[in-house]
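See structure below.
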Amino acid sequence: MTELAAVKAALKTQAVETPSWAYGNSGTRFKVFAQPGVPRTPQEKLDDAAQVHAYTGAAPTVALHIPWDRVEDYAKLAEYAEERGLKLGTINSNTFQDDAYKLGSICHPEAAVRRKALDHLLECVDIMDATGSKDLKLWFADGTNYPGQDDVRERQDRLTEGLATVYERLGDDQRMLLEYKFFEPAFYTTDVPDWGTAYAHCLKLGDRAQVVVDTGHHAPGTNIEFIVATLLREGKLGGFDFNSRFYADDDLMVGAADPFQLFRIMYEVIRGGGLTSDVAFMLDQCHNIEAKIPAIIRSVMNVQEATAKALLVDREALRSAQRSGDVLEANAVLMDAYNTDVRPLLAELREETGLDPDPVAAYRRSGWASKIAEERVGGQQAGWGA
Ligand code: LRH
Ligand code: MN
Ligand code: MN
């Protein structure tokens, strides 16, 4: 295989999971700007996700968030997805929007609240059994706002206990993906604030517990690619929640704020064998002011572009520059790949697989946006308040 053919072959295998909540209305705590035609049901979110997959050919799975995507019959929802060429992906738990969770969920000081949270997490595994989902993604809003508010160590003990119970409930082919976030909604301590804490818990739990890197969940200046490289070395990188941040957990389109960072991350993924393993590439985004479906298409393309550039790194040349201590040359090799315009390559790849070379333009021409604007009245808010 020529080098370019190998790059193309690798790109063809990459799948990006889209989140159901990105299709619904969303906003900040100041205002939700409703858009015409947004889905009213989980089924309609899947209809939109099918559009993204139809034009990119690279978004075959959709993540659900429970209870935002609550339905009577999850097996039926999985069938609905399959009829549209999709599969249901990661099940995301939600232990952050009930009044009971004011002081936390599985780290809450009261046993009754911990039990409620645990029951929800166990229900999420039941849902996975029904949908055929392989991954359970856990993110906890747990933490404290004031020094002394609760015992930080005891909260870790409660977390350990709760996670172990969920882990034991998992099937042999199911994984638990633990997500960290450095702050928000808690401002003083967060119970899973960083990759180290998540890693320590996952290590204790076992092989089927891995860490999720949400790219928006780090302090400014954090070297995320180093975290990625480390987790991959340890066999503990479960996947990504991709998005962009300028200031906090902005949930903007992946690759929009810092495409170079995304390239560096993808380089470490490829370097560590993560493209051919079971690292999950998921989006976790909200499209507050831009049209949602084309933004999600754009996001999938951004991941593909960063991946293509990372695949184009001349690894031989890089290694030889690194070994001979040629700092400038090593950096130049990396930058050469980053500065390559991979759009023609990706367009060619799409044409080879029977897709339109320009997925956003093809979607715009399709008339789907005006069809749903006409047909759907009273679209659902993504998550918050849903
Ligand atoms: C938390 C988070 C987590 C949630 C999602 C809606 O900030 O990143 O992944 O499930 O947002
Ligand atoms: Mn996330
Ligand atoms: Mn987030």
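So that you can map any letter, position 385 of the sequence shown is 385 in the UniProt record's numbering, and since no number is skipped, the others follow by simple counting.
Note that the Cβ used here is the ideal one computed from N, Cα and C, for glycine as well.
Take residue 74, set aside five residues on each side of it, and the residues of its chain with a beta-carbon closer than 6 Å to its own are 127, 130, 131, in chain order.
With contacts defined as CB atoms closer than 9 Å, residue 15 and residue 90 fail to qualify as a contacting pair. Scanning 224, 300, 372 for the CA closest to the CA of residue 255 turns up 300.
If you draw a 10 Å sphere on the C-beta of residue 94, you find 16 or more other C-beta atoms in it, and that means buried. Inter-residue distance for residue 246 and residue 221 is about 11 Å (C-alpha atoms, whole angstroms). Fewer than three pairs of CB atoms, one per stretch, sit closer than 8 Å, so the stretch 313-333 makes no contact with the stretch 36-56. Distances from the CB of residue 179 to the heavy atoms of ligand 2 include at least one below 8 Å. The beta carbon of residue 281 sits closer than 8 Å to those of 14, 15, 16, 17, 239, 240, 242, 303, all from its chain and outside the five residues before and after it, given in chain order.
A residue is called buried once 16 or more other Cβ atoms fall within 10 Å of its Cβ, and residue 92 is buried on that count. Within the same chain, and ignoring the five residues on either side of residue 7 in sequence, the residues whose Cβ sits closer than 8 Å to its Cβ are 308, 311, 312, 345. Membership of residue 372 in the alpha helix (DSSP H) is indicated by the continuous run 368-375.
In the assembly as shown, residue 324 is an exposed residue. Its beta-carbon has fewer than 16 other beta-carbons within 10 Å.
By the criterion of a C-beta distance shorter than 6 Å, residue 350 is surrounded in its chain by 357, once the five residues flanking it on both sides are discounted. In the three-state reduction of the DSSP assignment, residue 120 falls in the helix class, which pools H, G and I.
Burial state of residue 42 is buried, judged by a 10 Å Cβ sphere holding 16 or more other Cβ atoms.
Taking the Cα positions, residue 330 is about 29 Å away from residue 278. Residue list for ligand 2: 214, 241, 284 (CB closer than 5 Å to any heavy atom, chain order). Here residue 210 carries a strand assignment [DSSP, helix/strand/coil]. Excluding residues up to 5 positions away in sequence, 272 lie with their Cβ nearer than 8 Å to the Cβ of residue 233 in the same chain.
Three or more beta-carbon pairs drawn from the stretch 201-216 and the stretch 224-231 are found closer than 8 Å, and the two stretches are therefore classed as touching. The secondary-structure analysis by DSSP pairs residue 244 across a beta bridge with 252.
Between the beta-carbon of residue 191 and that of residue 159 there is about 6 Å, and that keeps the pair under the 8 Å contact cut. Taken atom to atom, the span from the alpha-carbon of residue 38 to that of residue 98 is near 25 Å. Short note on residue 249: C-beta closer than 8 Å to some heavy atom of ligand 3. Secondary structure at residue 364: helix, using DSSP grouped into helix, strand and coil. Contact between residue 289 and residue 33 holds, with the beta-carbon distance rounding to 6 Å and staying under 8 Å.
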